[in-house]
Amino acid sequence: MKLPTTFADPESLSYLYTLLQSSFEQMNNPNNNNSSNNNNTSSTARKRRRKNEDDDEDDDDGSSHNNNNNNQEEKRNKKKKEELKGILTSILLLDEQEKMEQQQNNRVSEEEKFSLETNHKKKTKAMLHYYSNLDDYYSHVEESERVKRKKSRGMARAAVAVAACEREGEGGGGEGVKSGVGGSQRRLWVKDRSGAWWDECNKEDFPEEEFRKAFRMGRETFDMICEELNSAIVKEDTTLRNAIPVRQRVAVCLWRLATGDPLRIVSKRFGLGISTCHKLVLEVCTAIKTVLMPKYLNWPDEGALRRVKSEFEGVSGIPNAVGSMYTSHVPIIAPKISVAAYFNKRHTERNQKTSYSITVQGVVDHRGVFTDVCIGWPGSMPDDQVLEKSALFQRANGGLLKGVWIVGSSGYPLMDWVLVPYSQQNLTWTQHAFNEKIGEVQKVARDAFARLKGRWSCLQKRTEVKLQDLPVVLGACCVLHNICELKGEKMDPELKIDLVDDEMVPEVSLRSVSSMKARDAIAHNLLHHGLAGTSFL
Numbered sequence: 001m002k003l004p005t006t007f008a009d010p011e012s013l014s015y016l017y018t019l020l021q022s023s024f025e026q027m028n029n030p031n032n033n034n035s036s037n038n039n040n041t042s043s044t045a046r047k048r049r050r051k052n053e054d055d056d057e058d059d060d061d062g063s064s065h066n067n068n069n070n071n072q073e074e075k076r077n078k079k080k081k082e083e084l085k086g087i088l089t090s091i092l093l094l095d096e097q098e099k100m101e102q103q104q105n106n107r108v109s110e111e112e113k114f115s116l117e118t119n120h121k122k123k124t125k126a127m128l129h130y131y132s133n134l135d136d137y138y139s140h141v142e143e144s145e146r147v148k149r150k151k152s153r154g155m156a157r158a159a160v161a162v163a164a165c166e167r168e169g170e171g172g173g174g175e176g177v178k179s180g181v182g183g184s185q186r187r188l189w190v191k192d193r194s195g196a197w198w199d200e201c202n203k204e205d206f207p208e209e210e211f212r213k214a215f216r217m218g219r220e221t222f223d224m225i226c227e228e229l230n231s232a233i234v235k236e237d238t239t240l241r242n243a244i245p246v247r248q249r250v251a252v253c254l255w256r257l258a259t260g261d262p263l264r265i266v267s268k269r270f271g272l273g274i275s276t277c278h279k280l281v282l283e284v285c286t287a288i289k290t291v292l293m294p295k296y297l298n299w300p301d302e303g304a305l306r307r308v309k310s311e312f313e314g315v316s317g318i319p320n321a322v323g324s325m326y327t328s329h330v331p332i333i334a335p336k337i338s339v340a341a342y343f344n345k346r347h348t349e350r351n352q353k354t355s356y357s358i359t360v361q362g363v364v365d366h367r368g369v370f371t372d373v374c375i376g377w378p379g380s381m382p383d384d385q386v387l388e389k390s391a392l393f394q395r396a397n398g399g400l401l402k403g404v405w406i407v408g409s410s411g412y413p414l415m416d417w418v419l420v421p422y423s424q425q426n427l428t429w430t431q432h433a434f435n436e437k438i439g440e441v442q443k444v445a446r447d448a449f450a451r452l453k454g455r456w457s458c459l460q461k462r463t464e465v466k467l468q469d470l471p472v473v474l475g476a477c478c479v480l481h482n483i484c485e486l487k488g489e490k491m492d493p494e495l496k497i498d499l500v501d502d503e504m505v506p507e508v509s510l511r512s513v514s515s516m517k518a519r520d521a522i523a524h525n526l527l528h529h530g531l532a533g534t535s536f537l
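Next comes the structure, spelled out in structure tokens:
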């Protein structure tokens, strides 16, 4: 017997089962009453047959007629009972089948969840082990270089002592003492280099536009940076030579970062040695990270977050957006170790040239000012793994970003605090409209990274800086970008570039069911409240 489709619901089956059971019990009661009535009727007929023999024939006819009716009624009741039993059996079977299917689905879901968690833990453990070995290697290399420098200095001192002894032997002992105590002073040989270009730039009447073109900022901003860093990088004069001024130190670093020129060209520009220029760049970048980063690159406070939310909502209609996130790659020379980790397959295929890179993940506000950066992870890592390694991810798990959104590209997973566009095929109008509006927020981060790399051209070239020093240099570039943005420094249109960073959809693109529902609600509100455009039509 085929049941209606509406009885497939477990609640409907339970109701039907109860109804049929009660009907079955009611049918049993009338049957018992009929049987008792039949017994009474037959006993009455026998008494009448004893009292009145003349009416025997009539009584027999009535009794047989009643018995026939009772037999037919019993057959009908028996048939109904069998039909009801069949229906009840079918219902019980369907209910049992539904329970078995639900248990099987739950078991499959648990197995898939366990498999995903196991794979994620294995990958995380492998990456942590790898970076632990990497840190150990760099520590060993630094220690070896320190020992080599110490040995070379010792050998140099020994050679100088030998040469001094030889000169004393040739000129006589008394003359050597006299020379050493009150005689002629020892001369220090220094290569004569021309610093005319910097001397010209440092003059008050040097054109502002030329100064801005050389250092990517006006003289006022340059002076402010020099004043802020003065206590951290100033050096004292010695008897052998005069210290390099603070302004020249900052200028060497900014020129190097702005142009990305080799150190030999920087050396000729400023009249300094190549090794001196390299040392100055690292010293100034370290000072920028130590002194200026806490002041110019930090997470906004509550008042600033409200302004950022308001600005982003005014641009896109998306509520509670506090930042736009993007991950870019900076090319590097092939490292000596872990080459595969830094190999950038996507850039290699596009450029037809072997490429290695490290990642720079940044979150910006509505002005394109960085509020959080994560620098230095290998270029082979996808965007979602870089995010998981960042301090921002740890702070978000601690509740810092509860109730707010950071807008990212499709290379990030959808989470409780990361809002990404729809990436599946055959999108609806609502989803298209949402992607269009979220793209406007994404564009803020992309444009900020384009200005960052345009201003500081060293980020576009394979740099000579060692791999372990790169995070400091790149962090200094981000701080200088923020200073230029906050000071209103206009960027030369000739410096604008087009970013080329391939996005990879993560293996697990959905990390939270509640965030999926929240995204759907935002998309619905954007379309049905007239906040989303229809340029996709």
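Just so you know, the UniProt record's numbering puts the end of the sequence shown at 537, numbered straight through with nothing missing. Glycine residues also receive a C-beta, built at the ideal position from the N, C-alpha and C atoms. Treat the numbers as computed from the prediction; the structure is a model and nothing was measured.
I'd like to check one pair, residue j with residue i: are the Cβ atoms closer than 8 angstroms?
| i | j | result |
| --- | --- | --- |
| Q361 | S390 | yes |
| A523 | T430 | yes |
| L419 | R350 | no |
| L254 | R216 | yes |
| S355 | N344 | yes |
| V315 | E440 | yes |
| L263 | C277 | yes |
| V308 | C478 | no |
| K496 | T221 | no |
| R256 | C226 | no |
| G323 | L470 | no |
| L392 | F449 | no |
| V513 | L116 | no |
| N320 | W405 | yes |
| R193 | G303 | no |
| S515 | D447 | no |
| I332 | L467 | yes |
| V252 | V234 | no |
| R269 | W198 | yes |
| V250 | G368 | no |
| G260 | K122 | no |
| P378 | A334 | no |
Do you know whose CA, among the options, lies nearest residue i's CA?
| i | options | result |
| --- | --- | --- |
| S357 | T348, D365, V363 | T348 |
| D365 | M325, K402, N397, L400 | M325 |
| D438 | L527, I318, G376 | Correcting the residue identity first, residue 438 is Ile in this sequence and not Asp. When each option's Cα is compared against that of I438, the closest is I318. |
| W456 | H528, A156, H481, K121 | H481 |
| E313 | Q97, L526, L92 | L526 |
| A433 | S267, D136, R511, A521 | A521 |
| V363 | L401, I332, K336, P331 | L401 |
| L292 | N202, Y130, V472 | V472 |
| G475 | N133, P294, I244 | P294 |
| V330 | V266, C458, D237 | C458 |
| L387 | V369, G403, G398, T359 | T359 |
| A258 | H528, L510, V465, K453 | K453 |
| S275 | E73, N67, E464, N70 | E464 |
| K336 | N71, L84, V141, L88 | V141 |
Tell me the DSSP bridge mates of residue i?
| i | result |
| --- | --- |
| S324 | V364, V407 |
| F343 | Y356 |
| H329 | T359 |
| L470 | DSSP output for L470 lists no bridge partner at all. |
| L510 | L414 |
Is the beta carbon of residue i within less than 7 angstroms of some heavy atom of the ligand SAM?
| i | result |
| --- | --- |
| F370 | As presented, the structure is devoid of all ligands, the ligand SAM included, so that no description of it is given. |
Problem - Segments assigned alpha helix (DSSP H), at least 4 residues, entirely inside the segment 362-444 - result: With a minimum length of 4 residues, the unbroken runs of alpha helix (DSSP H) contained wholly in the segment 362-444 fall at 383-389, 391-397.
Practice task
Quick one: which unbroken beta strand (DSSP E) runs of 3-plus residues sit fully inside the segment 77-144? Chain order, please.
Solution key: For the segment 77-144, not a single whole beta strand (DSSP E) run of length 3 or above is found.
Handout entry: Stretch-stretch touch, CB-based, cutoff 8 angstroms, three pairs: the segment 409-428 with the segment 374-392
Key = Because the criterion of three Cβ pairs below 8 angstroms is met, the segment 409-428 and the segment 374-392 touch.
Practice task
Determine contact between the segment 487-498 and the segment 216-227, defined as no fewer than three beta-carbon pairs at a distance below 8 angstroms.
Solution key: Yes, they touch.
Exercise for the section: Decide yes or no for the touch test of the segment 218-232 against the segment 496-510: beta carbon pairs closer than 8 angstroms, at least 3 of them. Expected result: Contact annotation: the segment 218-232 does not touch the segment 496-510, with fewer than three C-beta pairs closer than 8 angstroms.
Practice task
At 4 residues or longer, and completely inside the segment 211-263: list those alpha helix (DSSP H) runs for me, N to C.
Solution key: List check, alpha helix (DSSP H) in window: 219-233, 246-259.
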